[in-house]
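Heads up, the thing below is written out as structure tokens.
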Amino acid sequence: MIAPAELTLGIIAGGAATRLHGRDKAWLRLADEPLVQRLVRAFAGQVSSTWISANRDLERYAAAGLPAVSDRVATRPGPLAGIDALLAACPTPWLLTVPVDLLHPPPDLPARLRAACADAAGAYARDDDGPQPLAALWRVAACRTAVAQALAGGDYAVHRVQAGLGLVRVDFAGLRFGNLNTPEDLARHGIQS
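So that you can map any letter, position 135 of the sequence shown is 135 in UniProt numbering, and since no number is skipped, the others follow by simple counting.
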């Protein structure tokens with residue numbers, strides 16, 4: 001079992017949100033709380049620290065007491081670049097990643113992913129909507145180089161990198177984590193700017 005002291009939470013918030021007309025998902029509010037801070041609160045006590053993958057408004061994260069790292073690659077190849085930046089900065093042996101727009105994080109997400117990782121390089125979640133590759137646990141030493149190499153080779157698909165590393169799938173039957181991709185999603189969930 002992985003102790004909280006060995007685990008860092010990495011919130012992936014570096015996307016351009018083009019389908020949301022560039023609105024920064026991290027600071028959208030649900031029940032009057034920014035999405036990024038909801039996730040920090042949701043996993044408090046289960047991780048030793050939290051880092052944010054972000055490519056803008058770094059000062060805003062700093063003001064909120066949240067260390068942020070930007071993509072280390074010049075192009076914007078998507079969330080794998082955020083995972084790469086988080087793995088490079090991670091101070092613990094394990095990194096738990098979640099997307100900033102994860103609306104219904106299961107409270108037992110870290111514990112269930114940890115339980116599946118006995119000898120594996122990590123694990124990722126699957127809910128009733130399908131695989132959720134950004135909701136994943138990464139063994140930093142086993143994954144850091146592989147993720148960087150995938151980016152350098154032009155393979156930006158998180159699920160392919162996870163398959164190559166042998167990450168274990170953990171099913172969360174009966175659950176839908178939810179995420180925000182369109183203005184309609186924002187309206188449906190009562191998200192405020």
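For every residue, glycine included, the Cβ atom is placed at its ideal position computed from N, Cα and C.
With distances taken between CB atoms, is the gap from residue i to residue j smaller than 9 Å?
i: A13; j: L80; result: no
i: S53; j: G78; result: no
i: T8; j: T50; result: yes
i: A115; j: L167; result: no
Of the residues the options, which one's Cα is nearest the Cα of residue i?
i: Q46; options: L95, P131, Q132 and A157; result: L95
i: G10; options: A44, C90, Q132 and P133; result: C90
i: D57; options: S49, T50 and L66; result: L66
i: A26; options: L137, P77 and L103; result: L103
i: P110; options: Y61, Y124 and A62; result: Y124
i: L87; options: A141, P4, D32 and I2; result: A141
i: A68; options: V36, L30 and G153; result: V36
i: V98; options: D32, D155 and Q132; result: Q132
i: L165; options: N179, T145 and G153; result: T145
i: C143; options: P93, E59, G154 and A64; result: P93
i: A173; options: D108, D155 and D101; result: D108
i: D71; options: Y156, N179 and A163; result: Y156
i: V100; options: D119, A118 and L134; result: L134
i: F179; options: C117, P105 and G154; result: Checking the sequence, you will find Asn at residue 179 rather than Phe. With distances taken between Cα atoms, N179 lies closest to P105.
i: N55; options: A118, V158 and D24; result: D24
For residue i, which residues from the same chain have a beta carbon less than 6 Å from its beta carbon, with the 5 sequence-adjacent residues on both sides left out?
i: L113; result: A123, L137 and V170
i: R176; result: D127, D128 and D129
i: V73; result: A81 and L151
Can you pull the DSSP bridge partners for residue i?
i: D127; result: G130
i: W51; result: G10
i: C33; result: Checking the sequence, you will find Glu at residue 33 rather than Cys. L30, per the DSSP bridge assignment.
i: L96; result: L9 and L137
i: R169; result: Y124
If you count every other CB in all the chains shown that lies within 10 Å of the CB of residue i, and 16 or more means buried, which is it?
i: R41; result: exposed
i: R160; result: exposed
With a CB to CB cut of under 7 Å and the five nearest residues on each side skipped, what residues in its chain are close to residue i?
i: A148; result: D84
i: R38; result: L30
Quick one: what's got a C-beta closer than 8 Å to residue i's C-beta in the same chain, skipping five residues either side?
i: E6; result: S48, T92, P93 and W94
i: R60; result: W27
i: A163; result: none
i: R139; result: P93, W94, C117, A120, A121 and G122
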